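First up is the structure itself, then whatever we jot down about it.
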Amino acid sequence: MTDGQWVSLFSGGKDSSWALYRALEEGLDVARLVTVHPEGDSYMYHVPATRLASLAAESIGVPLVDVEPADFEAAAGSESGEQGDTELEPLEAALADLADDLNGGLAGVTAGAVESEYQTSRIEAMAERLGCEVFAPLWQRDPRDLADEMLAAGFEITIVQVAAYGLDESWLGRTLDREALDELEALNEEYGVHVLGEGGEFETFVTDGPHMSRPIELEYDTVWNGDRGHVEITSASLGE
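For the sequence shown, this note's numbering begins at 9 and goes up steadily by one.
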């Protein structure tokens, strides 16, 4: 294993949380979480409820570094555009800066991609430029098997956004449990909905898990726009 410490690419959603959890289980020395806050929709990053990541980080006990929209503007004026994707530049710059603060430098990053070549190829190219490894424990795994493993480990997962045929307002705020997964498998057969929502069909937030010292308690309103919607968090705090 490479010397140095690890950084977890972290949104608070189930996939990045599972990658982090598996890294900790494997004994990787994860010293920082990094959350990217893009403005508007993003092909690279999980967007909704990223501001909750700081609460999750507090419960997990690993310091969080935020990459803000202003960092995107700063990176847009840099020369790294030829090498990397515009969306990756601020993340890459943040990781390069972080490497100086880590014991032994940056050993690698954890990533939660399951099937997205778009995400994975860019993260791997970025890691190559940074001279570090990628730990991607979800990559090319069966989505239902992964989901079952998350639930078996004790992950509590809340759906915070939906945008797909077959998913109505009743899914907002719903717990992703085995019954929900059975329904998603049926929707996968009928409409092609990805069981883990990797095509953006739905987004999640992990409120509790074995790697967290305290659960996150959410209060929210639902916002529905005809064929898609999200939860508007009104209150979020760490429980006992």
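Beta carbons are placed, not taken as given, at the ideal position from N, Cα and C, and that holds for glycine.
Only a predicted model underlies this, so the values are computations on that prediction, with no experimental measurement involved.
- With three or more CB-CB distances shorter than 8 Å, the segment 28-40 counts as touching the segment 216-231.
- Our two residues, residue 101 and residue 198, have alpha carbons roughly 42 Å apart in a direct line.
- Around the CB of residue 242, fewer than 16 other CB atoms lie within 10 Å, so the residue is classed as exposed.
- Residue 216 sits in a strand when the DSSP states are folded into three classes.
- The segment 195-209 makes no contact with the segment 128-136; the number of CB pairs closer than 8 Å stays below 3.
- Ranked by Cα distance from residue 182, the options 156, 149 and 226 are led by 226.
- DSSP lists no beta-bridge partner residue for residue 168.
- For residue 190, the number of other beta carbons within 10 angstroms of its own is below 16, and it is reported as exposed.
- At a Cβ-Cβ threshold of 8 Å, residue 42 and residue 17 count as neighbours.
- Residue 127 and residue 162 have their C-alpha atoms spaced approximately 27 Å apart.
- Collapsing the DSSP output to three states places residue 240 in a strand.
- Counting every other CB atom within 10 Å of its CB across the protein chains shown gives residue 232 a total below 16, marking it as exposed.
- Collapsing the DSSP output to three states places residue 94 in coil.
- Sixteen is the threshold: when 16 or more other Cβ atoms of the shown chains lie within 10 Å of the Cβ of residue 98, as they do, the residue is buried.
- Looking only at 202, 151 and 13, the smallest Cα-Cα distance to residue 108 is reached by 13.
- Taken through DSSP and simplified to helix, strand or coil, residue 144 comes out as coil.
- The C-alpha of residue 149 is placed about 20 Å away from the C-alpha of residue 164.
- The C-beta distance from residue 20 to residue 61 rounds to 4 Å, short enough to fall under 8 Å.
- Assignment of residue 152 by DSSP, reduced to helix, strand and coil, places it in the helix class.
- Annotation: residue 35 to residue 115 spans about 13 Å, alpha carbon to alpha carbon.
- Taking residue 124 as the centre and dropping the five residues before and after it, the same chain places the C-beta of 206 closer than 7 Å to its C-beta, in chain order.
- Closest option to residue 201, judged by alpha-carbon separation, among 240, 170, 141 and 105: 170.
- Counting only the Cα atoms, residue 192 lies some 33 Å from residue 69.
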